[in-house]
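Notes to accompany the following structure.
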Amino acid sequence: SGKLSRRSQIQGGRSRVRRALYMAALTAIRTCERFKTFYTALAARSGSKKLAIIAVARKLLVVLNAIMRDKTAFA
């Protein structure tokens with residue numbers, strides 16, 4: 053007790069949005085070179101592929117928000 057360190061699940065936000073972002077992150081990692089290089093570097097550095105996928109999902113959300121804010125196309 054007290055010595056065990058576990059990673060907790062992400063619980064914030066709407067569950068449907070979280071699932072959609074997770075699936076979009078998986079697709080982005082496979083198809084977009086920008087997200088793929090970010091993912092591989094973070095997965096190698098942290099040693100956790102799941103953590104890297106969640107980081108890609110957050111980065112994807114930030115990019116989507118910027119696209120909506122600036123009314124530009126994704127390049």
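For the sequence shown, counting from 1, position 50 maps to 102 in this note's numbering; every step adds exactly one. Yeah, the Cβ is synthetic: ideal placement off N, Cα and C, and Gly gets one too.
query	result
Residue span of the alpha helix (DSSP H) that contains Phe87, given as start and end	85-98
Contact under 7 Å by Cβ, Ile105 with Ala80	no
DSSP state of Lys55 mapped onto helix, strand, coil	coil
For Phe90 and Lys111, believed in contact at Cβ under 8 Å, the rounded distance	6 Å
Among Gly54, Tyr74, Val115, the one whose alpha carbon lies nearest that of Gln61	Tyr74
Helix, strand or coil at Arg66 according to DSSP, with G and I counted as helix	coil
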